[in-house]
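Position in the sequence shown (from 1) plus 1 gives the number in this note's numbering. Please read the structure below before turning to the comments.
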Amino acid sequence: VDYSLKHTRQPKAKGRGHITMRYNNNHRTPLFILVATAALLVVAAAFSMGRATQPAYLSAPISTRTRSTGLAFRPIKPLCLQSQRRNVQSRVGVEMPKVGDQYEVNLDKPIGISFARGNDGRAYIIKLDPRKGNLDERMEVGDVMTEISASFGDDVWKAQNFGQIMYAIRTRVGGCYFKFEKRDGDMGFLEMDNSDLDFKKERRGGNYGAGTREVQMRNYITSKENERKRNEVFNTGLDDYKSGNYEDAIYKFEDVLGMEPPNYVGDNFARITPMYEVASYNIACCYSKMKNFDAGLEALNDALNCGFEDYEKVRTADGLKELRESEPEKFNKVLNRYDEPVFDPKLVEGFKNFFGMGKN
């Protein structure tokens, strides 16, 4: 475990740069014009007949196209076709839930949902990406999870703890069950205090006054308090890890990931905090200790992908010992995506065998 928080040819020019073109006066200009006009009329007639036979959803204006289910969906872009929506489950004949309604979703892994931890500790949808995994078209950014299938069996958990939710998704074998509450894109769970009336008046008028200063001060205090809470959760996760309570440690470290501040930009222009990188690595260590190697490899790939670059620690640290020894090929395959060895081990072994150095 890491205890630190440390991409036709153009006519030729003659004379003084003037371009001259020869014109043959022997052409029969009237006949040529008639033939060209007739050809254009034939092409226009064929084009019109072709458009008349097109399906209605293709010949309609782009701004009025909807998905082919016939439901009242928002217009989609013309390039958002099956290739981009291949992982989105269609619900023909099912009405879209209204604000405040709850709806159930069953998805096979991988899923294309990214979650964020709200101010109340619950899991909210922050991004939907069909390229990442499976989705349901009723889901919308801002919806909150209320129930989730347990890691094993048919039990259903109340989705009250963000860390436990992420643990259940990562360790679940097979499909995942979710229940969400529709919020109509409300992202208030990520916003700071911008409800002050004076603040809103000043922003609308383009002014900067006492109301703005007061809200900015409150937001600064809130951000510092959130940072303090996050450090506290991180340290609690380290204590759980040292005590051998790896599952509880995973809950804490997943909470740390969910508490990542939005729109973060570091001094080196990094968009992810060092704590996020370290917590991601620590999650992989926990799964390694629990001998859950599939989840451990997934967590390790996530850690390296988000920017954890202490490759020497990954190759030698005790936290990943079980994972390295039990799944050496898969482990090296994941690691080599981000830290290719200087010398290919297979090439080195081939040289040894060629020169007889690999013989006993």
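All C-beta atoms in this analysis are idealised placements derived from N, C-alpha and C, irrespective of residue type, glycine included.
Take residue i and list the residues in its own chain whose beta-carbon comes closer than 6 Å to its own, dropping the five residues that flank it on each side.
i, result
"Q165", "Y252"
"G143", "R184, G186, D187, M188"
"I112", "G134, N135"
"R173", "S152"
"G119", "Y125, F190"
"I149", "W158, A160, I166, A169, F179"
Just the Cα atoms here: how many angstroms apart are residue i and residue j?
i, j, result
"S224", "P329", "42 Å"
"D102", "G259", "25 Å"
"D121", "I114", "20 Å"
"R171", "E96", "30 Å"
"S327", "A151", "26 Å"
"L298", "I273", "21 Å"
"A250", "V234", "10 Å"
"L129", "A46", "44 Å"
"D439", "P262", "Residue 439 lies beyond the range of the chain shown here (2 to 361); nothing can be said about it."
"Y104", "P98", "7 Å"
"L82", "P131", "Annotation note: pLDDT 33 at L82 (below 50); position unreliable, no value reported."
"K322", "V100", "48 Å"
"E278", "F270", "15 Å"
"L324", "N333", "10 Å"
"K110", "P275", "28 Å"
"R229", "L239", "16 Å"
"R139", "A40", "50 Å"
"V43", "V36", "11 Å"
"N227", "N162", "17 Å"
"D295", "K331", "10 Å"
"D268", "I222", "20 Å"
"N264", "C177", "30 Å"
For residue i, which residues of its own chain have a beta-carbon under 8 Å away from its beta-carbon, when the five flanking residues on both sides are left out?
i, result
"E248", "Y168, C287, M291"
"V335", "L298, L301, N302, L305"
"V266", "R272"
Going by Cα to Cα distance, which pick from the options is closest to residue i?
i, options, result
"R123", "T147, R272, E105, A46", "T147"
"N337", "E326, R316, L136, E96", "R316"
"R231", "N246, F254, A250", "F254"
"K314", "L35, N283, K331, C177", "N283"
"G134", "V145, I34, N107", "N107"
"T366", "A45, D256, R139, N227", "Residue 366 cannot be examined here, being either before or after the span of the chain that is shown, 2 to 361."
"A160", "V174, F179, R173, F153", "F179"
"G175", "G154, E261, M140", "G154"
"G320", "Y265, I149, G245", "G245"
Quick check on DSSP: helix, strand or coil for residue i?
i, result
"A117", "strand"
"F181", "strand"
"M146", "strand"
"E341", "coil"
"N135", "strand"
"K159", "strand"
"E228", "helix"
"N283", "helix"
"A124", "strand"
"I34", "helix"
"Y265", "coil"
"I222", "helix"
"K15", "The predicted position of K15 is uncertain, since its pLDDT is 43 and thus under 50; no value can be drawn from it."
"N306", "helix"
"I166", "helix"
"V106", "strand"
With a cut-off of 8 Å on the beta carbons, I'd call residue i and residue j a contact; round off their distance for me.
i, j, result
"F181", "V157", "Incorrect: roughly 13 Å between the Cβ atoms, too far for contact."
"A318", "A304", "Not really, about 12 Å apart at Cβ, beyond 8 Å."
"S289", "F309", "Contact flag wrong, Cβ pair sits at about 15 Å."
"V2", "Y242", "5 Å"
Apart from the five residues just before and just after residue i, which ones in its own chain have a Cβ nearer than 7 Å to its Cβ?
i, result
"I127", "S115, F116, A117, V142"
"C307", "I273, Y277, E278, S281"
"N293", "T172"
Return yes when at least one heavy atom of the ligand FMN lies under 7 Å from the C-beta of residue i, else no.
i, result
"K314", "The model depicted lacks the ligand FMN and carries no ligand whatsoever."
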